[in-house]
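**Student:**
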Amino acid sequence: MINTPPSFAPTKGAAIPVHVLETDALADWLESADARVSAWVAASEFTAALGQVLLVPNEHGAIDFVLAGWGNDRARARGRFHMAVVARKLPKGIYEIVSGLDEKEHAESALAWLLSAYAFDRYTSKKGAVALLRPHKSVDQETILAQAAGDFLTRDLINTPTNDMGPDALEDAFLDLAKSFNAKTTVIKGDDLIAQNFPMIHAVGRASDQAPRLLDMIWGDAKHPKITLVGKGVCFDTGGLNIKPGASMGLMKKDMGGSATVMGLAHMIMAMKLPVRLRVLVPAVENSISAGAFRPQDILTSRKGMTVEINNTDAEGRLVLADALALADEEKPELLVCTATLTGAARVALGPDVPPYFTDDEKLAKQIFKSAERVADPLWRLPFWDPYEPMIEPDVADLDNAPAGGFGGAITAALFLRRFVEHADSFVHLDVYGWTPSAKPARSKGGACQSARAMFDVIAKRYG
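Taken in order, the sequence shown gives residues 930 to 1393; the numbers are from our numbering.
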């Protein structure tokens, strides 16, 4: 499933020491260093600026140790995962951080090191050399490896182009994940969606030559708290008959980013054997164009029985999610998590790096915010703003899939989804972007795993 899984260096054998130095600590450190090292540092103009790396040779020309710049508090406050920058600058080898970090920084730096090694190289013959870290003894390697593996899985799925990641291939990846952890699966496909009352999933995906389907995975002890993850699996979104302009269609392979994210989160949960009964639901479709495509002004009847007027076929994600959420809600889960690359409005409001989340559960809202900050997986709460409810209520049907005007688009989409959840104890919807426009520490350009580590932390602390 994962093209190149993350790994740490073996616990035994030689490793190159890495000394992490803040700018203000460099002078004192040099006082205790021998003259050869001090001269090398001076000649190399090493200042311990954040992310700066200096390879210090021994008398034979091999790397004796590494100095890694840690800057100052102000520089580090602008982001997290600074060790990823260091790791990317090092040549192939095995390294061990021996000074300069506390236990919390060791844990975050170990994850940063792993995430920095991600490369989507499925289609290229170039395979980059990787510097391996031997983590500090205080680091929980099992948890960090599980988180990195889930992150890699999400990124691989998003980065894979639709010709190799349509509904058929997404189903294969879903079944592979389930098999890896002995989870049970059910797939409802094509006209069986109509027979089993998932009409909106069928309507959105029926124009594609790959049949629409609902992927369903169940794992864990039935006596444990029920946690259900629902992820939008629109493998490509042309916009349908309300076709997108070319510039807006270019990244639409990532419109299954919600499904990729919940699969990455599921990997983390199952790998760590959290004591929950996990269910994962993915409506997998392509929003294509053909004579059989659903149309503007169609009125669809959902699994829940509510009717939906189609005012824009490019607002299809909420339709497939609605049927999946209705199914998830029927068994009254303790926690229902919906993740989707749903609206451009969320990006306008918060940019590509900070997905909004919506919940009516105040305790859960605070837990998510704290976890997002703790694990450096940023999220920001937006409201289920009840006064906007009339905006999704047309005259001719129960709901409108695309209110006119565009105001509050992320909120109205979230309100639409909330209509299909009545019985879950707690519900949260996350509107992720699923993409990194330009490379950042621990995040290469391309598919991004947003919200999975934060939600893993929430679930582990709630139920672990």
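Glycine included, every Cβ here is placed at the ideal spot set by N, Cα and C.
Hey, could you find the ends of the alpha helix (DSSP H) I1172 is sitting in?
**Tutor:** Careful: I1172 lies outside any alpha helix (DSSP H) and carries neither H nor E.
**Student:** Let me check understanding here. Comparing Cα to Cα, which of A1077, G1335, R1310 lies closest to G1193?
**Tutor:** Residue A1077 is the option with its Cα nearest to G1193.
**Student:** Pop quiz: G1008 and P1284 are said to be a contact at Cβ under 8 Å. What is the actual Cβ separation, rounded to whole angstroms?
**Tutor:** About 17 Å separates the two Cβ atoms, so there is no contact after all.
**Student:** Sorted by chain position, which residues of the same chain lie with C-beta nearer than 8 Å to A1058's C-beta, five sequence neighbours on each side aside?
**Tutor:** Taken in chain order, the residues that qualify are P1020, K1021.
**Student:** Can you find a C-beta in chain B that's less than 8 Å from the C-beta of E1037?
**Tutor:** Among the chains of the structure shown, chain B does not appear; only one protein chain is present.
**Student:** Return the chain-ordered list of same chain residues with a C-beta closer than 6 Å to the C-beta of L1359, the five sequence neighbours on each side being excluded.
**Tutor:** Result list for L1359: T1268, P1284, Y1286, S1380, in chain order.
**Student:** Here's a check: name, in chain order, each residue in its chain whose Cβ is nearer than 6 Å to the Cβ of A1107, leaving out the five neighbours to either side.
**Tutor:** These residues qualify, in order along the chain: T1114, M1146.
**Student:** According to DSSP, is E1302 part of a helix, a strand, or is it coil?
**Tutor:** Residue state, collapsed to three classes: helix.
**Student:** Using the three-state DSSP reduction, which class does F1081 fall into: helix, strand or coil?
**Tutor:** Of the three classes helix, strand and coil, the one that applies to F1081 here is helix, per DSSP.
**Student:** Under 8 Å by Cβ, that's how I've got T1222 and G1169 pegged, so tell me the actual separation to the nearest angstrom.
**Tutor:** The residue asked about is misnamed: residue 1222 is Ala in this sequence, not Thr. Their Cβ separation, rounded to whole angstroms, is 6 Å, which keeps A1222 and G1169 in contact under 8 Å.
**Student:** Near L984, which residues of its chain fall below 7 Å by C-beta distance, leaving aside the five closest residues on each side in sequence?
**Tutor:** Only I992, V995 meet the Cβ criterion.
**Student:** State the DSSP-derived secondary structure class of Y1024, mapped to helix, strand or coil.
**Tutor:** Correct three-state label for Y1024: strand.
**Student:** DSSP on E1071, reduced to helix/strand/coil?
**Tutor:** Looking at E1071 - three-state DSSP - the assignment turns out to be helix.
**Student:** Can you find the residues in the same chain that come closer than 6 Å, C-beta to C-beta, to S1137, ignoring five residues on each side of it along the sequence?
**Tutor:** So the qualifying residues of the chain are E1215, S1217.
**Student:** Could you tell me whether the Cβ atoms of S913 and E1263 are closer together than 8 Å?
**Tutor:** Nothing in the structure corresponds to residue 913, since the chain is present only between 930 and 1393.
**Student:** DSSP three-state call for E1215: helix, strand or coil?
**Tutor:** In the structure shown, E1215 sits in a strand (DSSP, three-state: E or B).
**Student:** List, from N- to C-terminal side, the alpha helix (DSSP H) runs of 4 residues or more that fit wholly inside the segment 1129-1189.
**Tutor:** Segments of the alpha helix (DSSP H) lying fully in the segment 1129-1189: 1175-1178.
**Student:** Take P986 and list the residues in its own chain whose beta-carbon comes closer than 8 Å to its own, dropping the five residues that flank it on each side.
**Tutor:** Correct list, in chain order: W969, I992, D993.
**Student:** Would the segment 1224-1241 and the segment 1307-1314 be scored as touching if the rule is three or more Cβ pairs under 8 Å?
**Tutor:** These segments do not touch.
**Student:** Below 8 Å, can you find three or more Cβ-Cβ pairs linking the segment 1331-1346 to the segment 969-979?
**Tutor:** With the cut-off at 8 Å, the segment 1331-1346 and the segment 969-979 do not touch.
**Student:** Would you call the CB atoms of S1028 and V949 closer than 8 Å?
**Tutor:** Yes; because the gap between Cβ atoms is below 8 Å, this pair is in contact.
**Student:** In the DSSP assignment, what residue or residues form a beta bridge with V947?
**Tutor:** For V947, which the question treats as bridged, DSSP gives the partners V995, I1026.
**Student:** Given I1087, which residues of its chain have a CB within under 6 Å of its CB, disregarding the five upstream and five downstream residues?
**Tutor:** Hits under 6 Å: K1183, G1186, A1189, G1363, G1376.
**Student:** Assuming P1128 contacts G1134 (C-beta within less than 8 Å), just tell me the rounded distance between them.
**Tutor:** The Cβ separation is near 11 Å, so there is no contact.
**Student:** Whose C-beta lies closer than 8 Å to the C-beta of A1278 among residues of the same chain, with five residues either side of it excluded?
**Tutor:** Answer for A1278: P1285, L1311, A1339, listed in chain order.
**Student:** Determine which residues share a DSSP beta bridge with C1267 and list them.
**Tutor:** DSSP, once it has assigned bridges, lists V1159, H1358 as partnering C1267.
**Student:** What is the DSSP secondary structure of V1325, reduced to helix, strand or coil?
**Tutor:** Of the three classes helix, strand and coil, the one that applies to V1325 here is coil, per DSSP.
**Student:** Within a Cβ cutoff of 7 Å, which residues of the same chain sit near A1244, ignoring the five residues on either side of it in sequence?
**Tutor:** These residues qualify, in order along the chain: N1330, A1331.
**Student:** Residues in its own chain within less than 7 Å of M1384 by CB, not counting five upstream and five downstream?
**Tutor:** Taken in chain order, the residues that qualify are L1194, V1266.
**Student:** For the structure I just gave you, are there three or more beta carbon pairs, one from the segment 933-948 and one from the segment 1032-1051, closer than 8 Å?
**Tutor:** Yes: at least three Cβ pairs fall under 8 Å.
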